[in-house]
Each structure stands twice: as C-alpha cells, then as structure tokens.
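Novice:
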Amino acid sequence: MIPTKTSEEIAVNTQELREQERSVSCCPPHAQPEPESFWDRYKLLVTTALCAVGLVAGVISDIFHFTWLAYLFYAGAYLAGGSLSTLEALRALREGILNVNFLMVAAALGAAFIGDPRDGAILLFLFSLSNTLEHYAMGRTRQAIQSLMRLHPNEALVRRDEREIVIPVAELELGDTVLVKPGERLPADGRVIKGYSSVDQSPITGESVPVEKEVDSDVFAGTINQHGYLEIEVTKLVQETTLAKIIQLVEQAQAQRAPTQRLIDQFGAYYTWGVLGVTTLAIIVPILLAQPFQQTFYRAMILLVVASPCALVISIPASILSAIAGGARRGVLFKGGAHLEALSAVRVIAFDKTGILTTGKPRVTDVISLNGVDGKNLLSTAAAIEKQSEHPLAEAIVTAARERGLALPEVTGFQSMTGMGVSARYEGRELLLGNERYFSNFSLELDESVRRQLASLEAQGKTCVLVGDAQKTWGLIALADTLRPSAQAAIAQLHAMGMKTVMLTGDSEAAAAAVANQLGIDEYLAQLLPHDKVQTIQALQEKYEKVAMIGDGVNDAPALVSATVGITLGGAGTDVALETADVVLMADDLEKLPYAIQLSRQARRVVQQNLAFALAVILTLITSNLLNAPWLTLPLGVVGHEGSTVTVVLNGLRLLGYKPKS
C-alpha cells in the first residue's frame, strides 16, 4: 500500500525534494528551503546585486586610477558574490564532495592572487547571476507541485448535530456530511448524497470537460463544483485523498533518478576531481618549461572554470523534473524518471480488453422475437426475471428495459443455475432465461434459422441469452461490451506514432476478434489466463525488447509487473491503480496514452539536446583555452560556462508546458 501522509508531511516532502535537487545540481541555490523571510526569499538576488555594485564601483575607480579604492570595492564584490558559494563549497567538502562552487571560488581567488581582482569579481558576479536565474527557473518545477497542494481547501462546511459549521479539513471524519456551494472546491473525497451538478475534475484527471455528478457519484478533493449545490459524505480522510496520493507520488517520482541521470552523476563525481588535477598540471608543467607564471596561472584559472561539468550535471534533472510535473498537471502520473525514460523507448503496447479498450459494462444490442412474441414483452419479461440477479448481463438487460420505459412484471420463485441460466414464476407460468444448454434441459430445441442467428451474433463477439417458458422459446437477446469512446482515436494516434498494438484478453476468440477489428488492433490473443498474459509479455519482449502493458491494475497486476512499463487507466478512482503501475492515466481517457508517450519522447529529445549542447560548449572552451585563444578571457569563460547552464535549464523547462499533439 502507498503510505499516506498528512498535509504537513507533504509539505516536508517538498523540502526533501529540494534537497534532492541539491544533490543533482552543481549550484547551491537550487536547494534552498521554502522561503520564510525576506533574506531567505531574496538572498540570491541581494548578493548578486551587491556584487554588481561592488564590481561597477571598482571598475569606475580603476578608470580614475583610484587603485586602493578599486581593490576595496572588488573585495566587497568578492564578499557578496562569493559568500554563498564558499559556504556551499565548505559544506560539500565536509561530506567529501568537490563541487563546482569550490572550482569557481578557487578560480576567483587565483585571479586575485596574480593581481587581477577585476576578472575574479566579474567571474563571481556572473556565477552568482547564473545561480539566481537557474534557481528561479527551477523554482517553476517546484511551483507545479505546490500548485497541486493549493488545490486542497483549508476549510470545509459540514453539518453536525443539525448545525452547519466551518472546520479545518484536517478535522473531517469519515461519514461527515460536507456542503459544497457553486464555485467552491471540494474539500474531501466522498460520495454525493444530495444534489446535482457538474464538477471540473481537470486538476485530478486532466479531463477538459466537466463531469456530471448526481446521488451516489464519487467525487474528489480539489475538484471544482460548477453550478449546483452538493452534499457529500466523506469517504476518505484528508491524508488519504486521491489528491494527497498524487502529490506524494509526484514528489517520490521527482526524487528518483533516471538511469541516464545516475550515469551522469557518477561521471560528474570523478570528472570534477579530474578537472582539479588537470588544472594543477596546467600550472606545474608550463612553469617547469620556463613559461611566464602569471600567464600560465591565468590560463589555468580559465581552464578551471570552463571545464566545470555544471551544465552537464543539471541537463537531465532539469528535463525530467519538468516532464513529471507537466504530466501530473495534465492527468498523467510518472512514478519515476526511470519509467519516463523507459516509456520513450517502447515500441509495442499491449492492451487488456475488458475495462481498457471497452468499458467493461455490457449493453443490449439486439432483441429478436420468435413465435409471434412482441419484442417489448420479450425484453420486459427478461428484465423482470433478471431484476433479482447481480450478474453484469442481468444489469444490462434491466437497464435496457428501463431506458425504453417498459413496466416490469413482478415475478416470484427466482432460481439460478450457475453457468446455465435463471428461472422465475409469473401468473402460474415458469419463465426461463439462459443459454442453449439450459433450454435443452426443458426439451426446448432451436430450429436451424435460430441457430444461424445465434452463430452470426456470436461471431460478432456478442453474448446471447434465450428467453421463453417451459413450452416454447420466445426469442433471444444479444449483448456486447461497449467500446471505450476514446479507444479508436487512441489506437489511431499510436499507429501514427509508429507503435504496434496488441490486445490480450481472457474473453472468447469471437469477442476478441470483434473488438480488434473495430479498433484496428494489429494483433490479438484470446482466452488467456493471468499467467498466459505474463508469458505473452515476455515473448513480446524477446521480439521487440521494450513493451508496455496497460491494464486495470488488479487482474493484470502480474503482466503489468512483467512489462517494461506498466500502465493503468482511471487512477483517480482506484488505490490499486496508483500502487501497481509505473504510469497512471488519471482519467478514463485512453487518449492520455499517446500524450504520455509523446511527452516521454520529447523529454528524451530535450535531454539529448541538453547533453549535446553542454558537451559541445565544454569541449569548445577547453580546446580554445589549450590553444591559447586570445579571445578567451576569464570573464568570457564564465559567460560560456554559466550561459550553457542556464540554457539547458530553460530548455528543460519547456516540458512544463508541453501539450499533446493531435
């Protein structure tokens, strides 16, 4: 089970997420706790501004040849621009980590050591400015999670002891009656016990159209009541609501590193020490070769700056965090960067049929009368018998009769024979409903024309039941599972994206063929047990390597676990779906599946762009420095280094606003 949390614990988790950002980031500001004071909120901006003032004042003093005054201003710029980086470098060193803050501060001090404090001050200003821009850019990802938290109202209007009172949502109890007026957010998950309205569920499911809610409808905390008045019975405590679990899952997902990110992190840890070692050699070797010390030391400081892996290290988390947050805002939950990365490589999607491609709710498709019996009488009689049954087919027959406004006669003596049929008595007659084998027990044989009709309907994937009495067959009723409205469009989009589609079902060959043909599924396998589905997934993986499976999260759990990526549909309504799958589509909308794949592929492209750009900048600057390019000064080296860092962050943030393509 997913461990549930209070809203306070969720807030703490957000700070833990920022701590994770510290570990993948090259710069200290990414990991600052949630601002609580002016200094906490604006210290990056303040220190950068003070550094700029000191730098400008120092340059002006230099112009007018006030040398000692210039040094004083440069010292102030060093103090303002380098204090936070120095503290972060010392903290990292205590943990045995050598990070970019150490390299930058060392380069600035090195510039001052050889009598060029202006370039050192410029370095610290540009580094501080880059950190500030990067921090506020990455803050947009955190704000995406905080915006989910803000969906939850702080208070709720409840009725207790015949009185209406306002209480904090944390004090809501199971069974409380919550009163929700038009335009208000729902404070809890629950069941409608009075009223009718449409509810905007987009914050939870990503559905663009409000959903009609009436008595017995399930509703979710954080959704918006549109126009009607609702009374809701609380069915989940505040820490157990779907919204709370979504927030927790997104936080956990953002804290998990993708495989590529783990590889870069491991590389970065050794690379930084390598940079320090190469810089040391860049100082010692030229001096041994009698090269001028000041020029040698200056070029070494440039190397220290331009070889820093900052842009490389942050290029992946900036993209992964943004993609996960952006997906969550549109009703797609990735439970980790690894799953986002894996989905981008999937080329085959295996679907369960019932409940995924179909609604899992059969409906009456044909009512065929025999022996002069009226069709309406046939359906009303069947519904009267089935009214006392809990079988899904029985519910469909009763629903069809009521939709047609038919009166249902009262029957007695209801009996059921498992796998065969049911019977009841009405006005002294025994009424029958069941399959052909059940009717043969009463010596009721079907003529050839009826058998042909049965065979034709069953070939279409329909289930047929016979209706009659002990003397004759009155007719037959055909039922079929309903295709999910979004299924056809989703399959078409997947095919357009080059995906292969496979349907796995425990249903009959005829039913499977009918659904596959209607939707244009590439391949289907029928009459599969749960372990058969697992074996099929494994066989597909041997052939195609990366295979995703989308199922209901209950019966398909073994297959979901076996697949490269397990996906469930309609996670807003089930805890099992949230727990089982790697990717959860919160709405009952299969068109979220192509979007999830598009988002994962776009995230992969952005990561590749970031890595290529970061490496290109680093290699260009290092090569230019080794060739003693006269244009590459220490300030320009910082511009190149910090510019590439900010660029990859901003490029990754584009994923926050990524929208599905039609």
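1 is the number of the first residue of the sequence shown in the working numbering; add one for each residue after it.
Glycine included, every Cβ here is placed at the ideal spot set by N, Cα and C.
Computed from a predicted structure; not experimentally measured.
Taking DSSP's pairing of strands, which residues face V234 in a bridge?
Specialist: Partner(s): G190.
Novice: Which whole runs of the alpha helix (DSSP H) in the region 436 to 469 are 4 residues long or more, in chain order?
Specialist: Entirely contained in the region 436 to 469, the alpha helix (DSSP H) runs reaching 4 residues are, in chain order, 436 to 440 and 448 to 459.
Novice: If you follow the beta strand (DSSP E) that W39 is part of, which residue opens it and which one closes it?
Specialist: Careful: W39 lies outside any beta strand (DSSP E), inside the alpha helix (DSSP H) at F38 to I63.
Novice: Between which two residues does the alpha helix (DSSP H) harbouring K376 extend?
Specialist: Note, K376: alpha helix (DSSP H), G375 to E386.
Novice: Spatial neighbours of R654 within its chain, please: C-beta separation below 8 Å, excluding the five flanking residues on both sides.
Specialist: Cβ neighbours of R654 beyond the five flanking positions: S322 and V606.
Novice: What would DSSP say about D532, mapped onto helix, strand or coil?
Specialist: In the structure shown, D532 sits in a helix (DSSP, three-state: H, G or I).
Novice: Using a Cβ-Cβ cut-off of 6 Å (strictly less than) and excluding sequence neighbours within five positions of L611, which residues of its own chain qualify?
Specialist: Closer than 6 Å at Cβ, skipping near neighbours: S315.
Novice: Enumerate, from N- to C-terminal direction, the unbroken alpha helix (DSSP H) stretches of 4 or more residues contained entirely within the region 73 to 158.
Specialist: Qualifying alpha helix (DSSP H) stretches, in chain order: 100 to 113 and 117 to 149.
Novice: Could you tell me the alpha carbon to alpha carbon distance between S128 and Y658, rounded to whole angstroms?
Specialist: Cα to Cα, the separation comes out at about 30 Å.
Novice: Locate the alpha helix (DSSP H) running through A424, then write down its first and last residues.
Specialist: Careful: A424 lies outside any alpha helix (DSSP H), inside the beta strand (DSSP E) at G421 to Y426.
Novice: Output the residue ranges of the alpha helix (DSSP H) runs that lie fully inside the region 583 to 624 and measure 4 residues or longer, sorted by chain position.
Specialist: Runs found: none.
Novice: Mapping the DSSP letters down to three states, classify P210 as helix, strand or coil.
Specialist: P210 falls in the coil class under three-state DSSP.
Novice: Please classify H641 as buried or exposed, where buried requires at least 16 other C-beta atoms within 10 Å of its C-beta.
Specialist: With 16 or more other Cβ atoms within 10 Å, it is buried.
Novice: Below 8 Å CB to CB, which residues in the same chain sit around L454 once its five sequence neighbours on both sides are set aside?
Specialist: Correct list, in chain order: E436, L446, C464 and L476.
Novice: Would you decide whether E214 is buried or exposed? Buried here means 16 or more other CB atoms lie within 10 Å of its CB.
Specialist: Answer is exposed; the Cβ neighbour count stays below 16.
Novice: Tell me, please, whether the region 590 to 598 touches the region 613 to 621 by the rule of three or more beta-carbon pairs shorter than 8 Å.
Specialist: Contact fails: fewer than three Cβ-Cβ distances are below 8 Å.
Novice: For V601, tell me which candidate among G81, S319 and Q295 has the shortest Cα-Cα distance.
Specialist: For the record, residue 601 in the displayed sequence is Arg; it is not Val. Among G81, S319 and Q295, the Cα nearest to that of R601 belongs to S319.
Novice: Below 8 Å on the Cβ atoms is my guess for L357 versus L519; work out the distance and round it to an integer in Å.
Specialist: Yes, L357 and L519 are in contact; Cβ-Cβ is about 6 Å, under 8 Å.
Novice: Whose CA, out of Q609, G551 and R604, lies closest to the CA of V584?
Specialist: With distances taken between Cα atoms, V584 lies closest to G551.
Novice: Using a threshold of 8 Å, state whether the C-beta atoms of A401 and T412 are closer than that.
Specialist: Cβ distance not < 8 Å, so A401 and T412 don't count as in contact.
Novice: Can you list the alpha helix (DSSP H) stretches of 4 or more residues lying completely in the region 319 to 405, in chain order?
Specialist: Listed in chain order, they are 337 to 345, 375 to 386 and 392 to 403.
Novice: Taking the alpha carbon of T223 as the point to measure from, which residue in T473, P210 and E233 has its own alpha carbon closest?
Specialist: Closest by alpha carbon: P210.
Novice: What's the call for P35, buried or exposed, on a 16-neighbour Cβ count within 10 Å?
Specialist: Only weak support exists for where P35 lies, its pLDDT of 45 falling under 50; the value from the coordinates is given anyway. The residue in question, P35, is exposed, as its Cβ has fewer than 16 Cβ neighbours within 10 Å.
Novice: Taking Cβ to Cβ, would you say T354 is nearer than 8 Å to D481?
Specialist: It is a contact, given that the beta carbons lie within the stated cut-off.
Novice: Of all the options T473, T418 and I349, which has the alpha carbon lying nearest to the alpha carbon of T381?
Specialist: Among T473, T418 and I349, the Cα nearest to that of T381 belongs to T473.
Novice: Report the rounded CA-to-CA distance for L263 versus V313, giving the unit in angstroms.
Specialist: If I take the Cα positions, the gap works out to 10 Å.
Novice: Alpha carbon to alpha carbon, how far is D522 from T501?
Specialist: Cα to Cα, the separation comes out at about 5 Å.
Novice: I need the straight-line Cα distance from A342 to A496, nearest angstrom please.
Specialist: Computed Cα separation, rounded: 20 Å.
Novice: What is the DSSP secondary structure of K5, counted as helix, strand or coil?
Specialist: Reliability of the predicted coordinates at K5 is poor, the pLDDT of 37 falling under 50, and the value obtained from them is presented with this limitation in mind. Looking at K5 - three-state DSSP - the assignment turns out to be coil, as it is neither helix nor strand.
Novice: Nearest-angstrom Cα distance between T67 and V59?
Specialist: For T67 and V59, the distance between alpha carbons rounds to 10 Å.
Novice: Using the C-alpha atoms, what's the distance from S344 back to R604?
Specialist: So the two alpha carbons sit approximately 7 Å from each other.
Novice: Spell out a yes or no on whether the region 290 to 309 and the region 269 to 282 are touching, meaning 3 or more CB-CB pairs, one atom from each, closer than 8 Å.
Specialist: Yes, the region 290 to 309 is in contact with the region 269 to 282.
Novice: Does N99 pass the burial test, meaning 16 or more other C-beta atoms within 10 Å, or should it be called exposed?
Specialist: By the 10 Å Cβ count, N99 comes out buried.
Novice: Give me the Cβ distance between L133 and G120, rounded to the nearest whole Å; I'm assuming they're in contact under 8 Å.
Specialist: Actually they are not in contact, since the Cβ atoms of L133 and G120 sit about 21 Å apart, beyond 8 Å.
Novice: If contact is defined by three or more beta carbon pairs under 8 Å, each pair taking one atom from either stretch, is the region 282 to 290 in contact with the region 236 to 243?
Specialist: No, the region 236 to 243 is not in contact with the region 282 to 290.
Novice: Once you ignore the five residues that flank P117 on each side, which residues in its own chain have a CB closer than 6 Å to its CB?
Specialist: Excluding residues within five positions, the ones whose Cβ falls inside 6 Å are Y74.
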